[in-house]
Structure formats: C-alpha cells, structure tokens
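Just so you know, the UniProt record's numbering puts the end of the sequence shown at 95, numbered straight through with nothing missing. For each residue, glycine too, the CB sits at the ideal point set by N, CA and C. Structure record follows, encoded as structure tokens.
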Amino acid sequence: MPLLDLASDAQQDRYLADVATGALLSAALNEPGHSLPERPAVNFADGKLNGTKIGVPYAETAKWLVVTTDQRRGGGLAHGRRCDGHQDPDRQRLG
C-alpha cells in the first residue's frame, strides 16, 4: 500500500485508522446472486452508478465507497460519497 511507504507518520495516523474502522473507505464488490462477479452488472455512465451491490462492509459509516463496475459499459472502479439510494436491509426488516 503506497500510503504505508510514502506517507508521514502523522498522515498514516490520520487516514489509516479511519480505513481500519470503516469510517473512511469500504469496497462494494458483491452483487445479488454473485460473490465477486467476474463481470459486474453494475455500470458507471454519465457520472452515475446504476445497479445493486450487497453485503458492503461499513456501508453505513464509510465516507467513500470503491465500487466495481462493468468495464464494457463504462466503468472499472468508481469511487464517491455514499449514495442516496443506500438501503440497510436490517432497518427495512425492523421497521
């Protein structure tokens, strides 16, 4: 990880602690019916993500998500702030 090699101790303290707790960054990889799909159904076009990811660790708290997308339909990896469409299935069942 370049941050370990290039960042000062103060920068590592600032950023890595939040990564470890999920407060800063998480990855959205899995899709309904597919764990780590080779060709994700989610696509990124016109600056927007379209599709569904499931089982995203720290989705409620992460400031940023890295989302795997279909490269054939304009993507690869997309990153950005948590989206308005985020749904917590546990909350849906409880409420």
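Inter-residue Cα distance where the pair is residue i and residue j
{"i": "Ala7", "j": "Ala17", "result": "13 Å"}
{"i": "Asn30", "j": "Gln12", "result": "28 Å"}
{"i": "Gly51", "j": "Gln71", "result": "14 Å"}
{"i": "Pro32", "j": "Ala45", "result": "21 Å"}
{"i": "Tyr15", "j": "Thr21", "result": "10 Å"}
{"i": "Pro40", "j": "Asp5", "result": "31 Å"}
{"i": "Val56", "j": "Gly47", "result": "21 Å"}
{"i": "Val19", "j": "Ser35", "result": "22 Å"}
{"i": "Ala10", "j": "Tyr58", "result": "24 Å"}
Option nearest residue i by Cα separation, candidates the options
{"i": "Leu49", "options": "Asp5, Arg14, Val67, Asp9", "result": "Val67"}
{"i": "Pro37", "options": "Asp46, Gly47, Lys53, Ala45", "result": "Lys53"}
{"i": "Asn43", "options": "Val19, Thr69, Val56", "result": "Thr69"}
Residue i - containing alpha helix (DSSP H), residue span
{"i": "Val19", "result": "9–21"}
N-terminal and C-terminal residue of the beta strand (DSSP E) that residue i is part of
{"i": "Ala28", "result": "25–28"}
{"i": "Leu36", "result": "Note, Leu36: premise wrong, no beta strand (DSSP E); not H, not E."}
{"i": "Val67", "result": "64–68"}
Three or more C-beta pairs closer than 8 Å, one from the segment 56–64 and one from the segment 25–41: is that the case here?
-> yes
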